[in-house]
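Residue numbers (my numbering), protein chains in the order written: chain A, -11 to 441; chain B, -11 to 441.
Ideal Cβ placement from N, Cα and C applies to all residues, glycine included.
First up is the structure itself, then whatever we jot down about it.
There are 2 protein chains.
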Amino acid sequence: MALKKKPTTGMRDILPAEMEIREYVLAMIRQTYASYGFTQIETPCVEPIGNLTGGHGGENEKLIFKILKRGEKLRIDEAHEETDLVDGGLRFDLTVPLVRYFANNSASLPSPFKAMQLGNVWRADRPQRGRFRQFMQCDIDVLGEASNIAEIELILAMTTLLGKLDFNRFTIRINDRRILKGIAKFCGFPDESYDDVFIILDKMDKIGIDGVREELMDAGYAAEAVDRCIGIFGDGIVKSGIGDGPADTSESESMPADKSEPTGQKDCGYVPGAVGLDRLRSLASVLGDSLEEDVARNLEEIISVVDETRSAEFRILFDPTLVRGMSYYTGPIFEIAMDEYGGSVGGGGRYDTMVGRFLGTETPAVGFSIGFERIAMLLMERGYKLPDAPEKVAFLLDKKCTPSQVKETIAKANELRQGGATVSVLRMKKNKKFQKDQLTAEGFTDIREVFND
Amino acid sequence: MALKKKPTTGMRDILPAEMEIREYVLAMIRQTYASYGFTQIETPCVEPIGNLTGGHGGENEKLIFKILKRGEKLRIDEAHEETDLVDGGLRFDLTVPLVRYFANNSASLPSPFKAMQLGNVWRADRPQRGRFRQFMQCDIDVLGEASNIAEIELILAMTTLLGKLDFNRFTIRINDRRILKGIAKFCGFPDESYDDVFIILDKMDKIGIDGVREELMDAGYAAEAVDRCIGIFGDGIVKSGIGDGPADTSESESMPADKSEPTGQKDCGYVPGAVGLDRLRSLASVLGDSLEEDVARNLEEIISVVDETRSAEFRILFDPTLVRGMSYYTGPIFEIAMDEYGGSVGGGGRYDTMVGRFLGTETPAVGFSIGFERIAMLLMERGYKLPDAPEKVAFLLDKKCTPSQVKETIAKANELRQGGATVSVLRMKKNKKFQKDQLTAEGFTDIREVFND
């Protein structure tokens, strides 16, 4: 029977040239994260279905590839719902499996546990250009460390990685969920509406300050609260967002702009460093008691330690408009933005209550997920040349070569391989020119012909 | 809601220490196979269900994890059979996906195409000790090369790999499907029964020559054919199987033992080299016209070239009792046996008609699959120490450390990281002794405490 040639809808085959880039990036990830003390772990791609539908995956829970029960457990004629038919599903992220893993193996794990996970996840999203239903995620998490040394080391690990991959002049946007809460409290939004307010604030990038005001009003919040909120996110801060260069220097009443920042246009205004510390301090003083103690100092420490110990060229920007989607974050949150890409290429944050809610024992946690697929795509688009790629040598054996010539050629090839080269020993084809062109296109720079003279 | 802590039935979590070994083996596989000119590819873990149930997967087709249709396509109340419910499945091997991949992308691939695949496969096998329902496969295949240079380079690549992983004194059993056919023809078994006869012959290791005779008789074959067959697989050859050491020197009428082989017991009798060439030659002369032309010469060339160009210590043994399960093999077949393990740790062979049957265009092919899980398990059991493991340094920061001490410590850590060390910067715990013991158990040999004096 003929096979269906196309891969499963929304998934894709990866060609050798792209694999080379991907494997290079993965090797750099393993090496860099390992140097920061993260140890690699692995969980099965299939999770018990209940773990995926427990409400911790947000929208992703609607996108699960579910796995049919097998054997006697499957009773199709008696089934009325999906739950009657399935007992597992493909994981949609690496966080839920990590928490399960931690629960299952905590007795064998050190504290803090610094985990690195590289693995595929699956989401039955509507297929669209550049987004696939199977994709790699690369996460690092620190479980069991309450202090900000976890955030600092995590951010340094991932920025060092980006630097090694030749990404520079990117921006880390950083905020703290508790600052968002402080703002909502200060403005007078009702407690139970905080998450909804944050969802609207998160659209600042797209709909602007006027759009946010409109949505807040439409949602029925008190005009006074909305006005206070808009006052806080006045020009000074909004313009500090990515893509607009640093803030201009016009001052707003509630939020004096940071005088230390350079003015200027996109790119020209890019200066690596810590940005927005003055703004953070003045926001804290505006919020006063509405902000939990120590939150601003903690965030400032993260920003300044990261800035002063970094090994890549980037800026770390306090951005009070950063929300991040998942509601499980409890403390500092961060995201990497790259002009080259125009969007986030990774993000993470502290989620101190999630593990405890699952396991019953409180376990502080910070995690970061790099956008592996985007990073690999950007390198492909750049035509990135892998550093230290081995020399590629091909031997073409003529048909009439004797077995002893074959032996000699292979012995020579092995010698070159031991010296680090990639060597392919091949039969010479009738259309030798085409064969050599193809090899050249594959990167073989040294093609040797062997004849029986 | 509480998570189910245990992984999906039959699957497992992998702890950091094991991951280290696995990643090391994978890195060696990538590096070694790449040096032989194999290029890595990847296919989705999910295949269209029809590709998995087309009859090419043998028994594995009964073990598929099937994936439920989604959205409107799923009509549970109208469903009566599994096929009404599913549209995909998790791949059970890497061969079916390779053939699909080749069909889908052949225009972008060189000829011959030397593919390397490292990926998980899934089989809903009955759970048993040491066998899991998700496991890694690592395959290399050469598509589009009819000559034995494909077998030779494939065998050299995988034996070089085993040597690098400190496996030596293993045995490659090698045979050719066409020799088995020649034997069946010579003995006078009916054409259509060849595969059944091979299945019985394959049990030689387990049930011995008398068991084979009995099963053949029970299956109703003519006594004359059975007698001729038993004559061929007389003592001389049967004892050449693995686990019994080399053959003894007693001669049988149809199959003179190879005088060049040493006698002796298991292990003591192990001599690296080519074994059984005389036996191959005499078997060929006994079979005469029953054997296709050039088969014996071709096999002898593979054996002798591999033997004389190998970079690891092993023997390559002509073993006419080797059958290999899958019926798609058409030419040379081979398997690696290790005394240490007592079973096969990998195998492969030529399958010249399979790709053509799928695609319509003839494409000769040879493949080899190494038993990754067994290799990793053997290394774990040996307590294998990874060569060139980086030094592991931990800094413990006392609670009272100032931000500038934190910065200094991290700067120092980064310096060590750039020098190749693994460094973890941690907060000092109240129970410092326990913390240090744990770090020592993790392999940290250099633990430095930082206080605010």
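### As assigned by DSSP and simplified to three states, the class of L(-9)(B)
coil
### Query
Using a C-beta to C-beta distance shorter than 8 Å, which residues of chain A count as neighbours of M(-1)(B)?
P32 and V34
### Query
chain B partners of L385(A), CB-CB under 8 Å?
I137
### Task
Mind checking which residues open and close the beta strand (DSSP E) that includes D75(B)?
V74 to L78
### Query
Roughly how many whole angstroms lie between the Cα atoms of I35(A) and L78(A)?
In the sequence on display, residue 35(A) carries Glu and not Ile. About 6 Å.
### Message
Is T410(A) close to chain B? Criterion is C-beta to C-beta, closer than 9 Å.
### Response
yes
### Every unbroken beta strand (DSSP E) within the region 404 to 430 of chain A, with a cutoff of 3 residues, ordered by chain
410 to 415
### Query
Got a sec: is the Cβ-Cβ distance from V84(A) to anything in chain B below 9 Å?
yes
### Query
Would R312(A) pass as a contact of G337(A) if the rule is Cβ separation under 9 Å?
yes
#### Entry: chain A within 9 Å of L442(B), Cβ atoms only
What the structure shows of chain B is the stretch from -11 to 441, and residue 442(B) is not part of that stretch, so it cannot be assessed.
### Within-9 Å CB hit, F346(B) to chain A
yes
### Query
Roughly how many whole angstroms lie between the Cα atoms of A325(B) and M314(B)?
18 Å
### Task
Can you check DSSP and say which residues form a bridge with G355(A)?
D129(A) and G337(A)
### Query
Taking Cβ-Cβ distances below 7 Å as the criterion, which residues of the region 297 to 326 of chain A are in contact with chain B?
T297 and S299
### Task
Inspect the beta-carbon positions of I398(A) and I197(B) and report whether they are closer than 9 Å.
no
### Task
Could you list the residues in the region 86 to 98 of chain A with a C-beta less than 7 Å from some C-beta on chain B, going in chain order?
V87, R88, Y89, A91, N92, N93, S96 and P98
### Query
Which first and last residues belong to the beta strand (DSSP E) in which T159(B) is found?
F158 to D164
### Task
Examine chain C for any beta-carbon lying closer than 9 Å to the beta-carbon of L51(A), and answer yes or no.
Of the protein chains in this structure, namely A and B, none is chain C.
### Of the listed residues A211(A), K50(A), F158(A) and R405(A), nearest to F26(B) (C-alpha basis)
R405(A)
### Message
For the structure I just gave you, are there three or more beta carbon pairs, one from the region 146 to 159 of chain A and one from the region 29 to 43 of chain A, closer than 8 Å?
### Response
no
#### Entry: Selection of the region 51 to 63 of chain B by Cβ proximity to chain A, strictly under 9 Å
L51, I52, F53, K54, I55, L56, R58, G59 and L62
### Query
At least one CB of chain A closer than 9 Å to the CB of K380(B): is that the case?
yes
#### Entry: Integer Cβ distance of E66(A) from K54(A), believed to fall under 8 Å
With a Cβ gap of about 18 Å, E66(A) and K54(A) do not count as contacting.
### Query
Does DSSP put M152(A) in a helix, a strand or coil?
As written in the sequence, residue 152(A) is Lys, which differs from the Met given in the question. Note: K152(A) maps to helix in three-state DSSP.
### Query
Can we say the region 73 to 88 of chain A touches the region 3 to 13 of chain A, given the rule of at least three CB pairs closer than 8 Å?
no
### Query
By DSSP, does P85(A) sit in helix, in strand, or in coil?
helix
#### Entry: Within chain A, the residues that T512(B) reaches when beta carbons sit closer than 7 Å
Residue 512(B) is absent from the structure shown; chain B starts at -11 and stops at 441.
### Task
Out of T159(A), Y316(A), L51(A) and D127(A), state which residue places its alpha-carbon closest to the alpha-carbon of P115(A).
L51(A)
### Query
For L414(A), which option in G408(A), K424(A) and N48(A) has the closest C-alpha, if you only look at C-alpha atoms?
K424(A)
### Query
Between G38(A) and A211(B), what straight-line distance do the alpha-carbon atoms span, to the nearest angstrom?
60 Å
### Task
Check distances from the C-beta atoms of the region 16 to 29 of chain B to those of chain A and list, in chain order, the residues that come in under 9 Å.
R18, T20, A22, S23, Y24, G25, F26, T27, Q28 and I29
### Message
Suppose you measure from the CA of S99(B) to the CA of R436(A); what does that come to, to the nearest Å?
### Response
17 Å
### Message
For a contact defined as C-beta to C-beta under 7 Å, what are the partners of R415(B) on chain A?
### Response
E133, S135 and I137
### Task
List the residues of chain A whose Cβ lies closer than 8 Å to the Cβ of M7(B), in chain order.
T27, Q28, I29 and E30
### Query
Are at least three pairs of beta-carbons, each pair with one atom in the region 294 to 309 of chain A and one in the region 148 to 160 of chain A, less than 8 Å apart?
yes
### Below-9 Å beta-carbon distance, V394(B) vs any chain A residue
yes
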